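Down below is the structure, laid out as structure tokens.
Protein chains: 4
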Amino acid sequence: MSRAVVGGVGGSPFGYAAVMSDHAPDPVTAAAAPEEEVVTPPPPQPDYPRYRVEPGEQISLADLSPDETEHYERKRDVKDELAVHRERIADVQTRLYAEQRKSLLIVLQAMDTGGKDGAIKHVFRGVNPQGCRVWSFKAPSTEESSHDFLWRYHLRTPSRGMITIFNRSHYEDVLVVRVKDLVAEEVWRARYDTICDFERMLARENVVILSSSCTSPRTSRSAAWRRAWRIRASTGSSPPTISRSAPPGMPTSGR
Amino acid sequence: MSRAVVGGVGGSPFGYAAVMSDHAPDPVTAAAAPEEEVVTPPPPQPDYPRYRVEPGEQISLADLSPDETEHYERKRDVKDELAVHRERIADVQTRLYAEQRKSLLIVLQAMDTGGKDGAIKHVFRGVNPQGCRVWSFKAPSTEESSHDFLWRYHLRTPSRGMITIFNRSHYEDVLVVRVKDLVAEEVWRARYDTICDFERMLARENVVILSSSCTSPRTSRSAAWRRAWRIRASTGSSPPTISRSAPPGMPTSGR
Amino acid sequence: MSRAVVGGVGGSPFGYAAVMSDHAPDPVTAAAAPEEEVVTPPPPQPDYPRYRVEPGEQISLADLSPDETEHYERKRDVKDELAVHRERIADVQTRLYAEQRKSLLIVLQAMDTGGKDGAIKHVFRGVNPQGCRVWSFKAPSTEESSHDFLWRYHLRTPSRGMITIFNRSHYEDVLVVRVKDLVAEEVWRARYDTICDFERMLARENVVILSSSCTSPRTSRSAAWRRAWRIRASTGSSPPTISRSAPPGMPTSGR
Amino acid sequence: MSRAVVGGVGGSPFGYAAVMSDHAPDPVTAAAAPEEEVVTPPPPQPDYPRYRVEPGEQISLADLSPDETEHYERKRDVKDELAVHRERIADVQTRLYAEQRKSLLIVLQAMDTGGKDGAIKHVFRGVNPQGCRVWSFKAPSTEESSHDFLWRYHLRTPSRGMITIFNRSHYEDVLVVRVKDLVAEEVWRARYDTICDFERMLARENVVILSSSCTSPRTSRSAAWRRAWRIRASTGSSPPTISRSAPPGMPTSGR
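Structure, rendered in structure tokens:
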């Protein structure tokens, strides 16, 4: 059964086709067909499938260099290409909002100074704020921490037609708590299942989830936000397994 | 692994021991041991295990007569026994609230005039309102219905130390929608999994769930609220399967 | 114009008549007339008008002894009388809930160990929890403190038909902040106006507000909760002025 | 005392100086002084003070022609100028967000097809969505309408550092209800005071409020959103009085 498949269809990291397609066919097929109904044409190559993680795929973040700059040499190269993407995102959002059928949840996960705020600002400043909401998650409040760990995230998931961006997310609850030894192993281990159940449920209920892990380059951080995006596809069926050697910033499988 | 097991331990439909036990042992063992730390002694026999559904148990609501009155003949019999229970519930609640470790979610499901409001009033009017919250679910608001169907329920689950009562619940989303043909079969069918995942998650996160189905007697409704309680144990592992011949008021398995 | 007048009408500290009267006449007149429609008869004398503060009245909390025990000598005297009150509160609540016209906001203000939790437990444990909600206010969360100071209180005011109890309240925002020098004088001084505007608005919108200041006796605290209640009537027109010599636990006028 | 004064300082309808000034001086003075600390220079003349209503000022919307096009003849003229404004709004927002001291509430009021959605999309699509939230108010939900009429608006006011846009607002509660005769006169009449108290409170608590009434031109609607903006300054002290001959879309004084 085809659930929401996110990421890279049509050569784009933003899963336009998956989010938007009117008839919700197999997204791969949809991507192959020309997207005539989209106002703005798809942005030019290159695209970023190499940073997309397919369901069930095994990857190791350690294998990906955060210093990789691709063919981008100057900040200006990124800027122009980004402007094209921003325009297209705005167009696609207009349709998402008008259709009121699906919603898009973008999860940005990263270490401190990993570029989350910058990514939001630069990538999404072209969207209509009426259809977009950003939630930043910090240390939980007393009320939040007296509920199950997913409570505060579920509460802020997008309603139909909306794009919601999580600046930090429920992934912290299997990351920070492990690094800082805040909860027992059996607790955080069970949370992997919980998270998968939760995302599967959202996918079933028409929320398309796009999870990303941003990592800082080891050298300079300027102009780095773009090349450092690591896209992780999150589907209802089988979330990607990420090897344990992964650096902090992305939950590695607890199983 | 022993998660929260609800219902009937210690000969009580309210699962006192399960909710309260300090050391969270196997609830069955705990129930066998004397509960010395509880102020009020357990209420006298009879108890109600015959109305409790164990995880994985197959039952048919049609086999249970809503007209059954047990040994209760006059309203007064119920009244006196209930007063004892109320006292004990209040005592147990005091500990639940003081411990701030677990919480209790009571789900009351019934048809109209099935006795939900009465059950809440008569059974729970002795509790300290500071530790108890009742939420009645009616037709969803526009905002609620533009989120996944669990959203409005999750938002109102109890925080640690609290008792929360759902007057109607997420079970409606596999009941009413089927009866009235509001959503496609593949949608409501998937919701059974979603509900089980959801309750399993809550159980893992220290929410003890006690789901009940109240049914009206076919004859008179006076003094009927008590004898008509049907307790359904909801645990993290394997929810009870209820046969398809069950009357409305309780989700029957969709599989 | 007669807005909601709270407190003591009909010889009761709970303002039954004001909250409940079907035809909303002048509450003073209503109190004089027999309350035939109320199921339970009014509780026996004595009543507590001496602890009620009328709109515009000047009082000094320092003039009221927290050690005053009235004619109550044993805990048992309080207990029996309280049981009668509890019964009546439950009856009156049933009507409040059924009418869905007005709501009742009870504000409990006190110093630590001032008896707020006990007052809630002992006075309100007879109410139907479906119609009663208690909110305890502690240090504000990050989100709460990044809004205006009334935000978190307004959010939790009762909906029609409900009784809501504030365990601590917006009065803290002119108390604690002064004692601990948390905000500038011009800020807390302006808050007196803000609070009066806010309560006046609620009163206009059918919320009856009953504000109380509980003070601990200087000697023993046992059985003290009852005799130490200080009722302050809060109306839409002119809130009571409390002299500056008042001890912490009740906002004194900032003007 | 100088509270938040909104509108037009520095020749801009967006009250940049008022929102942003570090030292919060008299906004009029601040506007006269060069705004050296703002990155982007103020947009070119013309500015729009003729559409700004000062506190206490008497205006009649009927005197303002919605067909007025100023010197704009082609859509393109508007577009270019708007791009400059958008850039500056984004810059100013960055500072508002970074300072975490004040917040901005923009109230868009208009009749259906009055251009609210378009105004949001075209004016605010350059902002960082992390610092901007838009709330559209439609018919109140059951829960919303069982609270005081301000409840749902107060709940959604901006936290410090944020821009919040109300698409329709609490002004509807003195407009629609009058036109459709939904509430008694004494109820809606009192709401004018309530609204002024509310906005005064927000202003005291560092929320700068910018209320606008958008009106459709009687002829063509294309490119009309810009010329049809009517800025109404809302301050803590004395809200503007608008004559009764005003067309729907803006509350006229009830007194």
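Heads up: the sequence lines are chains A, B, C and D, in that order. Under my numbering, the residues of the first sequence are numbered 70 to 324, in order. Under my numbering, the residues of the second sequence are numbered 70 to 324, in order. Under my numbering, the residues of the third sequence are numbered 70 to 324, in order. Under my numbering, the residues of the fourth sequence are numbered 70 to 324, in order. Ideal Cβ positions, reconstructed from N, Cα and C, are used throughout, including at glycine. As the structure is a prediction and not an experimental result, all values here were calculated from the model.
Option in the options with minimal Cα separation from residue i
i	options	result
C/Arg258	C/Asp242, C/Arg269, C/Ile175	C/Asp242
C/Gly125	C/His140, C/Cys265, C/Glu274, C/Cys283	C/Cys265
B/Trp204	B/Tyr222, B/Ser215, B/Leu133	B/Tyr222
B/His154	B/Ser210, B/Glu255, B/Phe193, B/Arg237	B/Phe193
A/Leu279	A/Lys249, A/Arg157, A/Tyr240, A/Ala167	A/Tyr240
C/Glu255	D/Lys144, D/Glu274, D/Gly184	D/Glu274
A/Ser228	A/Gln127, A/Gln169, A/Asp160, A/Ile128	A/Gln169
A/His216	B/Tyr166, B/Ala253, B/Lys171	B/Lys171
C/Ser214	D/Glu213, D/Ser214, D/Gly230	D/Gly230
C/Phe267	D/Trp220, D/Asp250, D/Val246	D/Trp220
B/Gly183	B/Pro135, B/Val246, B/Val277, B/Ala253	B/Pro135
D/Gly187	D/Arg260, D/Leu151, D/Leu244, D/Asp262	D/Leu151
A/Val277	A/Leu165, A/Asp149, A/Val248	A/Leu165
A/Val245	A/Thr263, A/Lys185, A/Asp181	A/Asp181
Inter-residue CB distance, residue i and residue j (contact presumed, cutoff 8 Å)
i	j	result
D/Lys207	A/Gln199	At roughly 13 Å, the Cβ-Cβ gap does not stay under 8 Å, so D/Lys207 and A/Gln199 are not in contact.
D/Gln162	D/Val196	5 Å
D/Leu271	D/Leu174	7 Å
A/Thr226	A/Arg202	10 Å between Cβ atoms; not a contact.
D/Gln178	D/Arg237	7 Å
A/Val176	A/Phe235	5 Å
C/Ser210	A/Thr211	7 Å
D/Leu251	C/Leu224	Not quite, the Cβ-Cβ distance comes to about 24 Å (not below 8 Å), so this is no contact.
Min CB distance residue i to chain D below 7 Å
i	result
C/Thr138	no
C/Ser215	yes
B/Ser205	no
C/Ala259	yes
C/Glu274	yes
Neighbour flag for residue i against chain A, beta carbons, 7 Å
i	result
C/Pro209	no
C/Trp220	no
B/Asp149	no
Neighbour flag for residue i against chain C, beta carbons, 7 Å
i	result
D/Asp12	As displayed, chain D neither begins before 70 nor continues past 324, which places residue 12 of chain D out of reach and without an answer.
Item to complete: Check each residue of the region 158 to 184 of chain B: if its Cβ is closer than 9 Å to any Cβ of chain C, include it; give the result in chain order.
Response: Ala159, Thr163
Item to complete: Below 7 Å between beta carbons is the criterion; list the residues of the region 189 to 203 of chain A that meet it against any residue of chain D, in chain order.
Response: Ile189, Lys190, Phe193, Arg194, Gly195, Val196, Asn197, Pro198, Gln199, Cys201, Arg202, Val203
Worksheet item: Which ranges would you report for the alpha helix (DSSP H) in the region 171 to 196 of chain C if only whole runs of at least 4 residues count?
Response: 185 to 193
Fill in: Residues in the region 222 to 256 of chain A having any Cβ partner in chain B nearer than 9 Å
His223, Leu224, Thr226, Pro227, Ser228, Arg229, Gly230, Met231, Glu255, Val256
Item to complete: With a floor of 3 residues, list each beta strand (DSSP E) that falls wholly inside the region 221 to 291 of chain A, ordered by position along the chain.
Response: 232 to 236, 276 to 283
Worksheet item: In the region 134 to 175 of chain A, which residue ranges form an unbroken alpha helix (DSSP H) of at least 4 residues, counting only runs that do not cross its ends?
Response: 144 to 168
Worksheet item: According to a CB-to-CB cut-off of less than 9 Å, which residues of the region 123 to 135 of chain A neighbour chain C?
Response: none
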